[in-house]
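Engineer: The opening position of the sequence shown corresponds to residue 483 in the numbering used here, with each subsequent residue numbered one higher.
Where a beta carbon is used, it is the ideal one built from N, C-alpha and C, also for glycine.
Predicted model only: the values in this text are computed from it and were never measured.
My questions will all concern the structure given below.
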Amino acid sequence: MKKLNLLAFDLGASNGRAILGQFDGDKLEMKELHRFENHYIEMNGVFYWDLPYLYNQLKQGLLAFKNGGYGDLDCCGIDTWGVDYGLLDRNGHLLGNPRSYRMSVDEDMSRVWETVPHKTLFERTGIATMNFNTVYQLYRRKAEGDVALENAETMLLLPDLLGYFLTGEKKSEYTNVTTSMLYNPTARDWDWETIRELGLPEKIFTEIDRAGQLRGKLRPELCEELGVNAANFAAVGTHDTASAVAAIPGSGSFAFCSSGTWSLFGVETDKPILTPEVRDSNFSNEGTIQGGFRPLKNIMGLWLIQECRRDWIKQGKNYSWNEIVIEAQKAEPLRSIIDPDYGEFFAGGDMEKKIQAFCERSGQPVPTTVGQVARCIYESLALKYRWALERLEEIKGARIDTLNIVGGGIQNKLLNQMAADSLDRPVITGPVEGAAIGNLLAQAMALGAVKDVADLRRVVRNSEDVHEYAPNHTPAWEAAYQKLLSLMK
């Protein structure tokens, strides 16, 4: 077959990339064409994403492709984090920059529960309660009498919003829709019952489509401006975790962890699991690109160390990520443990002090050096992975033999080994660019060059190297896990 030129825009909450994928039907070769920073911005007490900046970075990615001399572009697609959205007016214009989920507070949930109780929301949507879910964000704006919401004609989740500005198409892709807590997995449609009970404007919710479907072409005006051809645009797994999980080359009974700012830890199923056990463990049933579900747990992830590094840089300690790992290796093992999902860790700022205060309150040695703090974070994450794995085994009613980790977090080999030691299971890592690979191969699926997810994973195995970490589970890890369980109580 003709080699396809595919372009994945993979946006995270701290950076984004434009990645070229050249696919010959058997193997995928990738090259990063453009990379950019991404941070939320505070204005007058509200946190926003800078959408004009992000849209311009997509243009820069398209220009990098054109200037690279690769020929015509066959297709492109966008994945981002979940839950955040933008509003359009009746003319299709943006009603202000999208708000960031980082401004959410627990009171947003309490307001909703007065009308639709927590238990009812889970029964309808199968999604874990987190204060930044789209349903809570939207209802907060309604309660505040937000003018933008009152004047909105359309709501699009962030990857679909950016896709709209590239193509003019207004659709909402399934995997990201499921993160909103406004999708009913039984009815396979928006949760109209909750939308009506909360008094949210029904007209703003668009048609839902699926990954692996074409969604128009780049706008003629955009093509003329940039000098690029009118490439296809595809709906991919627009939630980055869905794309990353699609690219896992695993087989047999495995759990997955998409490791980055968040650690998304779960398994794949054909149907949602809506039991009280899933609800009480605060697991979500998010969508897969094949139209199934991912019962998973959102664990705070590398956000903790990212925030600490920001603190250290302000203090003049300009450690690289590798230098932080080296310092952690020097520190005493399993000295202090935290619950990574402790509520105060969610908000940015003073993370090192928050971790130190947690350890002091729980009667543990207070980490003071960079190595001690970093080791505390890494070991605590590995222990929380075990907690999540045990809950998943209870939910499935079967043993899970291996853990497959994908995403940027797998570059931390110390954390990978800690995960194997904590779980007492082999840990397989790779690919590092999981979200981008899933994005690219979903485009290939939309073009008819990949048949299904099984075929997609065959291509991943042909294209990517993986690494296995053998477990070394000691009594010290067992004692530390019991400590985590006591801290979680």
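Name the two residues that bound the continuous alpha helix (DSSP H) containing N944.
Structural biologist: Note, N944: alpha helix (DSSP H), 935-945.
Engineer: So, with DSSP's three-state summary, where would you put P913?
Structural biologist: Correct three-state label for P913: coil.
Engineer: Since I believe D561 is in contact with G719 (beta carbons under 8 Å), could you give me their beta-carbon distance rounded to a whole number of angstroms?
Structural biologist: That belief holds up - the Cβ atoms of G719 and D561 are roughly 6 Å apart, short of 8 Å.
Engineer: Run through the DSSP bridge pairs and tell me what W672 is partnered with.
Structural biologist: For W672, which the question treats as bridged, DSSP gives the partners Y665.
Engineer: Should Q811 be labelled buried (16 or more other beta-carbon atoms within 10 Å of its own) or exposed?
Structural biologist: It counts as exposed.
Engineer: Pull up the DSSP beta-bridge partners for Q788, would you.
Structural biologist: Answer by DSSP bridge pairing: none, since Q788 is not bridged.
Engineer: Classify P913 as buried or exposed, calling it buried when 16 or more other Cβ atoms lie within 10 Å of its own Cβ.
Structural biologist: Counting Cβ neighbours within 10 Å, P913 comes out buried, since at least 16 surround it.
Engineer: Could you please give the first and the last residue of the uninterrupted beta strand (DSSP E) stretch that includes T884?
Structural biologist: Per DSSP, T884 belongs to the beta strand (DSSP E) from 884-888.
Engineer: Pick helix, strand or coil for M900, following the three-state DSSP scheme.
Structural biologist: Here M900 sits in helix by DSSP.
Engineer: Could you pull the start and end residues of the beta strand (DSSP E) that V848 belongs to?
Structural biologist: Taken as a continuous stretch (DSSP letters only), V848 belongs to no beta strand (DSSP E), as it is neither H nor E.
Engineer: Reducing DSSP to helix, strand and coil, say where R581 ends up.
Structural biologist: Here R581 sits in strand by DSSP.
Engineer: Where DSSP assigns a beta bridge to A737, which residues make up the other side?
Structural biologist: Note: A737 sits in a beta bridge opposite L885.
Engineer: Give me, in chain order, the residues of the same chain whose beta-carbon lies closer than 7 Å to that of V594; leave out the 5 immediate sequence neighbours on both sides.
Structural biologist: If we look at V594 and ignore the five residues flanking it on each side, its Cβ neighbours are V617, Y618, Y621, L680.
Engineer: What runs of the alpha helix (DSSP H), each 4 residues or longer, lie entirely inside the stretch 600-643?
Structural biologist: Entirely contained in the stretch 600-643, the alpha helix (DSSP H) runs reaching 4 residues are, in chain order, 600-607, 616-625, 629-632.
Engineer: If contacts are defined as beta-carbon pairs under 8 Å, then H955 and D906 qualify, I think. What distance do you get, rounded to the angstrom?
Structural biologist: Between D906 and H955 the Cβ distance is about 4 Å, and since that is below 8 Å, they are a contact.
Engineer: Of the choices F604, L545, L631, R584, whose alpha-carbon is the least far from that of L577?
Structural biologist: Ranking the options by Cα distance to L577, first place goes to L631.
Engineer: Between the stretch 551-558 and the stretch 708-718, do at least 3 Cβ pairs fall closer than 8 Å?
Structural biologist: Because the criterion of three Cβ pairs below 8 Å is met, the stretch 551-558 and the stretch 708-718 touch.
Engineer: Among T607, L938, S592, L638, whose alpha-carbon lies nearest the alpha-carbon of N579?
Structural biologist: It is L638 whose Cα lies nearest to the Cα of N579.
Engineer: Output the distance between the C-alpha atoms of N520 and V852, rounded to the nearest integer angstrom.
Structural biologist: Distance between the alpha carbons of N520 and V852: 25 Å.
Engineer: Just the C-alpha distance for N526 and Q854, rounded to the nearest angstrom, thanks.
Structural biologist: The alpha-carbon atoms of N526 and Q854 are separated by roughly 36 Å.
Engineer: Is the separation between the beta-carbon of S818 and that of P849 shorter than 8 Å?
Structural biologist: Going by C-beta atoms, S818 is nearer than 8 Å to P849.
Engineer: By the 10 Å Cβ neighbour count, where 16 or more other Cβ atoms means buried, how is K685 classified, buried or exposed?
Structural biologist: K685 is exposed by the Cβ-count criterion.
Engineer: Using 10 angstroms around the beta-carbon of E655, count the other beta-carbons present and answer buried if the total reaches 16, otherwise exposed.
Structural biologist: The residue is buried, with at least 16 neighbouring Cβ atoms inside 10 Å.
Engineer: From the beta carbon of E514, is the nearest beta carbon of chain C less than 8 Å away?
Structural biologist: Chain labels in this structure do not include chain C; a single protein chain is all it has.
Engineer: Secondary structure at G568, three-state DSSP: helix, strand or coil?
Structural biologist: Three-state result, G568: strand.
Engineer: With DSSP as the reference, identify every bridge partner of Q695, one or two as the case may be.
Structural biologist: The partner list for Q695 (beta bridge, DSSP) reads A717.
Engineer: I'd like to know whether the C-beta atoms of G507 and A931 end up nearer to each other than 8 Å.
Structural biologist: Taking 8 Å as the Cβ cut-off, G507 and A931 qualify as a contacting pair.
Engineer: Okay, do the stretch 764-773 and the stretch 940-949 touch, 3+ Cβ pairs below 8 Å being the bar?
Structural biologist: Verdict: no, contact absent.
Engineer: Relative to the alpha-carbon of S968, which residue among P599, N487, R792, Q846 has its alpha-carbon at the smallest distance?
Structural biologist: For S968, the nearest C-alpha among the options comes from Q846.
Engineer: Straight-line CA distance for I501 to R843?
Structural biologist: Cα-Cα distance, rounded: 45 Å.
Engineer: Within the same chain, show all residues whose beta-carbon is closer than 6 Å to that of L493, passing over the 5 residues directly before and after it, in chain order.
Structural biologist: Same-chain partners within the cutoff: T562.
Engineer: Rounded to the nearest angstrom, how far is the Cβ of T676 from that of L603, given a contact under 8 Å?
Structural biologist: Indeed, because the Cβ distance is near 7 Å, the residues count as touching under 8 Å.
Engineer: Which residues does DSSP pair with G503 in a beta bridge?
Structural biologist: The partner list for G503 (beta bridge, DSSP) reads L488, M512.
Engineer: DSSP puts D561 in a beta bridge; with which residues?
Structural biologist: Looking at the DSSP assignment, D561 forms a beta bridge with D492.
Engineer: Leaving aside the five residues before and after L778 along the sequence, list all residues of the same chain whose C-beta is less than 7 Å from its C-beta, in chain order.
Structural biologist: Answer for L778: L746, F747, G748, F765, S766, E768, listed in chain order.
Engineer: Mark V587 as exposed unless 16 or more other C-beta atoms lie within 10 angstroms of its C-beta, in which case mark it buried.
Structural biologist: Exposed, by the Cβ-count rule.
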